[in-house]
Each structure stands twice: as C-alpha cells, then as structure tokens.
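Colleague: Chains as they are written, first to last, in this note's numbering: chain A, 1 to 302; chain B, 303 to 566; chain C, 567 to 845. Think of the CB as a built atom: it goes at the ideal place given N, C-alpha and C, for glycine as much as any other residue. The model shown is predicted, which means the values in this text are computed figures rather than measured ones. Sharing a structure, written as structure tokens. Questions coming.
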Amino acid sequence: MHWLFEPGLFANHSVRTALLVGAIVAVVSAVVGIFTVLRGQSFAGHALTDVATAGGAGAFLAGVAPLVGFVGGGVLGAGAMDVIGVQRVKGRDIATGVVLGAATGLAALFLYLSTTQSSATGTTQLILFGSIFTVQSSTLPEVVGLGLVVLVTVAVIGRPLLLSSLSTELASARGVRLRALGLIFMVILAVSVGLSAIIIGSILSTALLIGPPASALKLVRRFGAGVVLAVFLGVGATLLGIVLAYDSYYWFASHRGLPVSFFVVCVVVVEFVLSSVAQSWRRRRVPASPRAAVVGNPVGWH
Amino acid sequence: MTNAWISGTIVAVLAGAVGFFVVLRGASFPAHAIPNGAFAGAAGANLLGLNPLVGLVSFAIMAALGIGATSRRTRNDVATALSLVLMLALGAAFLTLSTQYEPAINALLFGEILGVSSSEILPVVLLGALCLVVLVLLFRPLVFTSVAPELAEAKGINATLIETIFLVVLALSTALTVPVVGALLTFSLMIGPPAAARLFSSRPSRAVALSVALALVTVWLSIAGSYTFNLPIGFFVGTLGAVLFLGARLWGALRSRRQRLVIA
Amino acid sequence: MALEHLDAAGSELLRVEDVDVAIDGREILRDVNFRIDHGEFTGLIGANGSGKTTLFRVILGLQTPAHGRVSVHGEPLHRSNRSVGYVPQKVLFDPDMPIRARDLVALGIDGNRYGLLRRSRADRLAVEEMLEAVDAQEFADRKVGGLSGGEQQRVLVAHALVSQPELLLLDEPLANLDPGSAQEIIALLHKVARQQHVAIFMSAHEMNPLLPVMDRVVYVANGRVASGTTDEVVRPDVLSALYGHHVDVLRVHGRVLVVAGLESDESPSPADHPEFVVE
Numbered sequence: 001m002h003w004l005f006e007p008g009l010f011a012n013h014s015v016r017t018a019l020l021v022g023a024i025v026a027v028v029s030a031v032v033g034i035f036t037v038l039r040g041q042s043f044a045g046h047a048l049t050d051v052a053t054a055g056g057a058g059a060f061l062a063g064v065a066p067l068v069g070f071v072g073g074g075v076l077g078a079g080a081m082d083v084i085g086v087q088r089v090k091g092r093d094i095a096t097g098v099v100l101g102a103a104t105g106l107a108a109l110f111l112y113l114s115t116t117q118s119s120a121t122g123t124t125q126l127i128l129f130g131s132i133f134t135v136q137s138s139t140l141p142e143v144v145g146l147g148l149v150v151l152v153t154v155a156v157i158g159r160p161l162l163l164s165s166l167s168t169e170l171a172s173a174r175g176v177r178l179r180a181l182g183l184i185f186m187v188i189l190a191v192s193v194g195l196s197a198i199i200i201g202s203i204l205s206t207a208l209l210i211g212p213p214a215s216a217l218k219l220v221r222r223f224g225a226g227v228v229l230a231v232f233l234g235v236g237a238t239l240l241g242i243v244l245a246y247d248s249y250y251w252f253a254s255h256r257g258l259p260v261s262f263f264v265v266c267v268v269v270v271e272f273v274l275s276s277v278a279q280s281w282r283r284r285r286v287p288a289s290p291r292a293a294v295v296g297n298p299v300g301w302h
Numbered sequence: 303m304t305n306a307w308i309s310g311t312i313v314a315v316l317a318g319a320v321g322f323f324v325v326l327r328g329a330s331f332p333a334h335a336i337p338n339g340a341f342a343g344a345a346g347a348n349l350l351g352l353n354p355l356v357g358l359v360s361f362a363i364m365a366a367l368g369i370g371a372t373s374r375r376t377r378n379d380v381a382t383a384l385s386l387v388l389m390l391a392l393g394a395a396f397l398t399l400s401t402q403y404e405p406a407i408n409a410l411l412f413g414e415i416l417g418v419s420s421s422e423i424l425p426v427v428l429l430g431a432l433c434l435v436v437l438v439l440l441f442r443p444l445v446f447t448s449v450a451p452e453l454a455e456a457k458g459i460n461a462t463l464i465e466t467i468f469l470v471v472l473a474l475s476t477a478l479t480v481p482v483v484g485a486l487l488t489f490s491l492m493i494g495p496p497a498a499a500r501l502f503s504s505r506p507s508r509a510v511a512l513s514v515a516l517a518l519v520t521v522w523l524s525i526a527g528s529y530t531f532n533l534p535i536g537f538f539v540g541t542l543g544a545v546l547f548l549g550a551r552l553w554g555a556l557r558s559r560r561q562r563l564v565i566a
Numbered sequence: 567m568a569l570e571h572l573d574a575a576g577s578e579l580l581r582v583e584d585v586d587v588a589i590d591g592r593e594i595l596r597d598v599n600f601r602i603d604h605g606e607f608t609g610l611i612g613a614n615g616s617g618k619t620t621l622f623r624v625i626l627g628l629q630t631p632a633h634g635r636v637s638v639h640g641e642p643l644h645r646s647n648r649s650v651g652y653v654p655q656k657v658l659f660d661p662d663m664p665i666r667a668r669d670l671v672a673l674g675i676d677g678n679r680y681g682l683l684r685r686s687r688a689d690r691l692a693v694e695e696m697l698e699a700v701d702a703q704e705f706a707d708r709k710v711g712g713l714s715g716g717e718q719q720r721v722l723v724a725h726a727l728v729s730q731p732e733l734l735l736l737d738e739p740l741a742n743l744d745p746g747s748a749q750e751i752i753a754l755l756h757k758v759a760r761q762q763h764v765a766i767f768m769s770a771h772e773m774n775p776l777l778p779v780m781d782r783v784v785y786v787a788n789g790r791v792a793s794g795t796t797d798e799v800v801r802p803d804v805l806s807a808l809y810g811h812h813v814d815v816l817r818v819h820g821r822v823l824v825v826a827g828l829e830s831d832e833s834p835s836p837a838d839h840p841e842f843v844v845e
C-alpha cells in the first residue's frame, strides 16, 4: 500500500482536515444528488455551480469566507432561476443558460479584481478547482452545520419529493405542493453545490453531485439501497481523490501536484463507466419483460 | 488592438449565425460541451508548446464528432454533464502542469481581448469565412431539419449528414470564439443574442440577421468596455447576453399584455 | 373512511352543481350538474378534448371552476381531498427509477406526508393486501419502469386505492388497450370496487366496454353534460340537444352506436325520430 499512501499523508494536519471535510460534503452531495438525478435536474445543478462561482469569487474579493459566498450565491441563483421559470419545461435550458452566463461574467469580474487588488495568487485555482487543502479546521463546524441542515431537510421532504420525481400527476393528485417543494429543493441543491465547491471547486462540483448517484442508480433496485451506495461511491471518490492529489506532488520532478478536483472527477467518471458496463452486462443476462409501448405523448400536467 | 476588433467581429457574426441554429435545434449540450473540449485542447497545446489554435480546433472537432456519434443513442443528462466536467478538469490539469497557470487559465476561461495574435488573424479570418459560406449554402436544409426533421427526411435531405456538418461548423466557430470571449462565456454568446432575436421575430432569415446584429453589438460593446475599464471581456459578454435576453422576454410579455387589453 | 359508509351505499358522495370551467379565457364546460352515489360505477363518456380531464381536475381540486360548486359528503371540497383517489392515463417511468411496484403502492399511503417516520406493520400489510387485490404480486418487486402497460396500470390502481378513498377517478384507462385487455381491466375494477367499497368514475371515449358495469353515465359533448342511467341519457333527443345537432342512436346486439344524423331538410325533429333497434 505504500505506493498509494505517500510519506506523511496521515501526519499532515491539512490532509486530515481535508479528508474529514471531504467526507462530510460527499455525503451531502450524494443524498441531494440522487434526487437531482431522479428529477432530471442535472443541468440546473450545473448552472447553480456557475452562480456559486460568482458568489465564491465575490466573497474572496470582499474578504469574506468563501463558504458564505458559494452558498449565498447559489441560493440567490436558485431564487433567480425559479423566478425565470426553470421549473417550466419549455425554455428551461435557455433561461438557465442565460443565468449561467451572467453569473460566469460576474465571476470573471470578481476574480480579475481580486488578482489585481490583493497580492493573493492562485485565486482562480482555489475558487474554480477547489481549495480543500487550505480549508481551516475552524470552518469545520460551519460545514457540519450546513450539511446537517441539508440532510434534515431532505429527510423531512423526502417522500413527497420522491413521489413528485416519479410522477408530477400522482403527486399533485395527492395534494403535494409541487411549486413550493421544487423551490425548497432548488435551495437545498444550491447549498449542497456551494458546500462541495470548497473541495472540488465550483466548476466541477456537478461531478460529485450527480456522478455517484447516477452510478448507484444503475446498480440497485430499491431507493434506500441507492442512497447508501451513492454515499459510499461519493465518499470513496473524494477520499481517493484527496489521497491521489497529495501523492501527485511526488510524481513530477517539478513538484507541482495536480488538483484534488481533477482526481475526484476522474474517479467519478471511472465509477460511472464501470457501473454502466455492469448494468448493460446484467441486462444482457436477464432479458426484461415487454415494456409499456409509448403511444404519443401522455396527457398530463406539470 | 485592430486584431481585437477584427477577430471580435468575425467571432460575433459566427456566434450569432451558428447560435441561431443552436437555439433552433435545442443543441444546448453540444454548445456547452464543445467549448470545454476546446479549453482542454488549448491547455494541452499550451503544455506542449504548440500553437493554441491547433489544440482548440482539434479538440473541438473531436468533441463535436464524439457528441454526434453518441447522441444518436440514449440522451443521458448525467453522461453529458460528466463529460463536460471531465474536459474542464483535464484542461485544468494540463494548465497546472505548465508554468503559466494563472494568466493562461483566466484568459482561456474568461476571454482575453488580445486573445488572437497577429500571426493567427489570417487563419481565423479564413476559417470564419469558410464557416459562414457553409452556413449560407446550407441555410434552408438546416432550417428544415431543425424544425421538421421527419418531413425533411421525406424530402430526401440526409438529416444525419446535415447534423454532422452543423456540429463541425459549431466546433470551428467555438474554437475561434474561445480565445476571445473565453470557454465559459462562449455558450452565453451563442444563445443569448439568438434567443433574444427569436423573441422579436420568428421568420428564420430575419431572426438570423437580428441574431448576428445583436451578437455584434454585444461583442463590440464588450471589447470597448474591456479596453476602457481594463476588465475581462467575459464579464461584459455574460452581462450583456443576460440583459439582451431578459429585455427581450420583458418586451414580449408587455406586448402580449397590451394585445390582450386591445382584444378585451 | 370507506368502510364507515358501508351502510350508506346509495347515498350521495359527490355532487357537482352548476359548474362552469374556463381555461385561459376559453370556456371548456358549462352548466355541469351531476351526482355520484357511494359504490356506483359511473362512466364519463366524451370525445378527446371534450373536457373530461378538466372535469377530473376540478373534482381533485386542482382547477377552480369559474362558477358553481363541487361538494363531497355535502361539504365543499378542499385540495387533496383524502376521499378521492386518481389514476392518470399514462405515467412514463424512467427505467432507472429505483422504485419497485411495491414501493409505488406504499407511496400511496404516505407519499404526501412530510417527515421520516418508518412505515408501520399495518401499512405494510395494507400494501400487501392491495397488491393481492389487483393481482400484482408476481411483479411486485420489479422496478416500475420495467413493467408492461397493463401491469403498470394495475399498480397505479393499487397506489390510488391503498389510502382507501371513497371515490376513484380513472383517466382513460382503456385507451390503447385491445378489447380483451379492456374487458380484463373493467372486470378488475368492478371486483376491486365491490371489495373496497369504492365508487368508480372512469372516463372513456367509447362507452360500449362499460355498458355491462355502468350504473350511471355522465356524457360530455359540446361543453355540456347530461347524466343519468344509460337508458335516460343515451337517447337521440338528449344527445341531439347536447351536441346541438341531430344524432341517431343505434343499438346493435346490445351495443350502442351514436352517429351523426341525416343532413336533409326533411329530417324530422329529434323528438319524434324513433330509435333503430336491431336484434
């Protein structure tokens, strides 16, 4: 195992903090992510990362903790997207893309200003691609706190959320308030994306949000099992990513390590590919029953 | 500085024209993914010491053809998002390994007013002209296959071929746009002005012209703003794109309300 | 819930009074009046686009009528009335959705409840019983996305019935079914309705498959509604008044055919035109 755990890995304080923060954030991402994938809102999640970027960059510029910026920006973005009508299916991509563009533009502005105004270098690297090794252990309580808030909220709204993800008709027939639920979920999504921006950077946090849950869904039959597997895969990818990033400092003569986010994304993609292969392998062995033929578009409402 | 205006103009015309079809065909994903691929290509070229244009064009075309090949099977939201992100991560890794991290990454992601050097102007102009010629020649089949693909097929138009050509044109346009406005804002330039144009006119020829006009306005104002205030060009592109789109939406909403009042 | 009203069979469950419905300024239905009693099997017959789904939405409380009122047990209904269950026409399930048929039925009990309470033993038993009632035990543990159309439909019925509503609305359950399968689902609904003491209100654009089981018909045409027994409603005079032009009613070996009437000037008024009866 020596090749995997380079010298000083566990002795290093920032690495230990990184592992802990990473694990917590991965759990939150996986739980929120499984609903994101089931609701087909991967693109909205991706758009929120751009808003979180602007928030994080702005926070850096203002000298405020990045976490505040990431989460705050994301929540504002969620509200804006709801107003613009992200929940309506028609025109959703365009509206999301526009918000994304404006937010990215803002991020460009903030990042530029922070590089010129302060002597800090590498801001872009930190905001976009993660700063987990520089996370202070003093932010640990905030991360845990926010994470708990998200998890508890998901637990409370979980069943109506699941039902509405299955079928908006069935849910509204049962009196579930779709619009309010959708908004709450958007906000939760924004907070989760903001949290994971710390480890994996805002641009890449989508990967941790939707990768592990999507991989898990290809392998399980029951929802509960899906959540557990998603958490396992997400935490695994994060921890492995951190370890590999630390190790990478030793790989190159120039002693420039590769970012954590790069490794996490790679592991997530590998997980996804492997689970897709496993799924098609399984399908070939067990032929499915004749599926319901879709005749035209179902009559329904959203 | 003239380089900035020349390349900016070409890029704006291309983005406005290609973007019109992106919006019409609902090709949000390719328009989103190809710039990220181009970013990785430019970063890779940077690492290897090659001309960035080579990296941009090659990776963009690979990404486009890859999307074309796989999108004919299932369209999977998650697979597309992951590939988008993977290319960004790859680009970031390439840049980390090179020595010019900070300036290069900002320029590639958010645009650089002097993004196109004098030695590259000629290839940019030629490639841009090529794309425009193709778009003009294929205008009607493109519109037809975007709006009613089955009818187009019935008329003997090879929709798959048209799609492939479109993706290649999109890739080339992206490769030219990324150095100027940045990989993260290319998408915005390609959908903001066209989406706004569509809200004003639904006739294809008029909408395309309007889309190009709006894109030109966006890029010119962005270059001017970037030069005057010494701020990244991407900031102006993103903000103006959003302003255009929301303005068009607002105008459309006000107009329909006035119409309803007239009838009632 | 349903069992409490066992002895109230025949008493009024749902009343729709003087209801007008408009969507985006366009009038869909006007002067809708009918009632449904406990345990009745009622058909909502009308062509596509005649307003059947809209009427269901009004009963479910998802659409406010422009005029009139809907009451359940004599009380005005509020949204998410626990007495009314709903089976939509077709639900497209993602094949990757990790929900088994059994889970979907269980969500019929608590799908709208907030909080993280575990399902009680009683609830799980209720799910089991309902799966049995609709003959879904074979595929209870398969993902809903992988079921055939007929299997999905039975699961949706179980999902709607497990919370013990008194009225079950079904939106075009027979659409896209061959006559044999249509008969099967009607027989199943009839059986389950008796067992669970549920009134059935089912929409269709073809009334013949329902004739053997229908107690009452609500006929929608031209934005207007006529209700009563089949004999009362499916008559040339009633339907002609509804449609606003002359229609004939043909009965062929116990089945009914409603056809547009003759165009000639000499066509007699609906009131004295006899039915054609073919034995």
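(1) At 4 residues or longer, and completely inside the stretch 160-244 of chain A: list those alpha helix (DSSP H) runs for me, N to C.
(2) Helix, strand or coil, according to DSSP, for P443(B) in the structure here?
(3) Rounded to a whole number of angstroms, what is the C-alpha to C-alpha distance between Q87(A) and G182(A)?
(4) What is the C-beta distance between L777(C) and V824(C), in whole angstroms, given that I count them as a contact (C-beta under 8 Å)?
(5) At 4 residues or longer, what runs of the alpha helix (DSSP H) sit wholly inside the stretch 598-679 of chain C?
(6) Which residue or residues does DSSP assign as beta-bridge partners of I589(C)?
(7) Hey, does S261(A) have any beta-carbon neighbour from chain B nearer than 8 Å?
(8) With three or more beta-carbon pairs closer than 8 Å as the criterion, would you say the stretch 93-100 of chain A touches the stretch 483-500 of chain B?
(9) Quick check on DSSP: helix, strand or coil for K709(C)?
(10) Leaving out five residues on either side along the sequence, give the residues of the same chain with a beta carbon under 8 Å from the beta carbon of L754(C).
(11) Taking F361(B) as the reference, give the member of A335(B), G540(B), A383(B) with the closest Cα.
(12) In its own chain, which residues sit with a C-beta less than 7 Å from the C-beta of L170(A), not counting the 5 before and 5 after it?
(13) Determine the DSSP secondary structure at Y785(C), reduced to helix, strand or coil.
(14) Run through chain A and tell me which residues come within less than 8 Å of A544(B), C-beta to C-beta.
(15) Scan the stretch 156-170 of chain A for residues whose Cβ lies nearer than 8 Å to a Cβ of chain B and list them as they occur along the chain.
(16) Alpha carbon to alpha carbon, how far is A27(A) from L233(A)?
(17) Can you tell me whether T17(A) is buried or exposed? The criterion is at least 16 other CB atoms within 10 Å of its CB, across all chains shown.
(18) State yes or no: is the beta carbon of V313(B) nearer than 8 Å to at least one beta carbon in chain A?
(19) Which chain B residues are close to Y112(A), counting only those with a beta carbon under 8 Å from its beta carbon?
(20) Between the Cα of S649(C) and the Cα atoms of S769(C), D662(C), Q762(C), F659(C), which residue gives the shortest distance?
(21) Note down the Cα distance separating L258(A) from S248(A), rounded to an integer number of angstroms.
(22) For the beta strand (DSSP E) containing R821(C), name the first residue and the last one.
(23) Relative to the alpha-carbon of A342(B), which residue among A515(B), K457(B), L386(B) has its alpha-carbon at the smallest distance?
(24) So does the stretch 499-509 of chain B actually touch the stretch 412-427 of chain B, counting three or more Cβ pairs closer than 8 Å?
(25) Below 7 Å CB to CB, which residues in the same chain sit around V418(B) once its five sequence neighbours on both sides are set aside?
(26) Go ahead and pull the three-state DSSP assignment for Q87(A).
(27) Name the chain C residues whose beta carbon is nearer than 7 Å to that of S172(A)?
(28) Let's test the definition: count the other Cβ atoms within 10 Å of the Cβ of F322(B) and tell me whether it reaches 16, buried, or not, exposed.
(29) Taking G681(C) as the query, report the chain A residues whose CB atoms sit under 7 Å from its CB, ordered along the chain.
(30) Under a Cβ-count criterion, where at least 16 other Cβ atoms within 10 Å of its own Cβ denotes burial, should V83(A) be classed as buried or exposed?
(31) Can L734(C) and V786(C) be called in contact, C-beta distance under 8 Å?
(32) Going by the beta-carbon positions, is the gap between G536(B) and G458(B) smaller than 8 Å?
(33) How long is the line joining the alpha carbons of A846(C) and P451(B), rounded to whole angstroms?
(34) Of all the CB atoms in chain B, is at least one closer than 8 Å to the CB of I203(A)?
(35) Check whether the stretch 579-598 of chain C and the stretch 781-796 of chain C touch, using three or more Cβ-Cβ pairs below 8 Å as the test.
Modeller: Here's the rundown:
(1) 168-173, 178-200, 205-217
(2) helix
(3) Confidence in Q87(A) is poor, its pLDDT being 49 and thus under 50, which makes the residue's placement too unreliable to answer from.
(4) L777(C) to V824(C), Cβ: 13 Å. No contact.
(5) 618-626, 667-676
(6) R592(C)
(7) yes
(8) yes
(9) strand
(10) V700, D701, R720, V723
(11) A335(B)
(12) L163
(13) strand
(14) V98, V99, G101, A102, G105
(15) none
(16) First, the amino acid is wrong: residue 27(A) is Val here, not Ala. Taking the straight line joining both Cα atoms gives about 9 Å.
(17) buried
(18) no
(19) N408, F412, L533, P534, F537
(20) Q762(C)
(21) 6 Å
(22) 821-826
(23) L386(B)
(24) no
(25) N305, S309, V426, P481, V482
(26) For Q87(A), the predicted model reports a pLDDT of 49, less than 50, meaning its position is unreliable; a value from the coordinates is still stated below. Coil, per DSSP.
(27) L628
(28) buried
(29) V156
(30) exposed
(31) no
(32) no
(33) Because chain C spans 567 through 845 in this model, residue 846(C) falls outside it and cannot be assessed.
(34) yes
(35) yes
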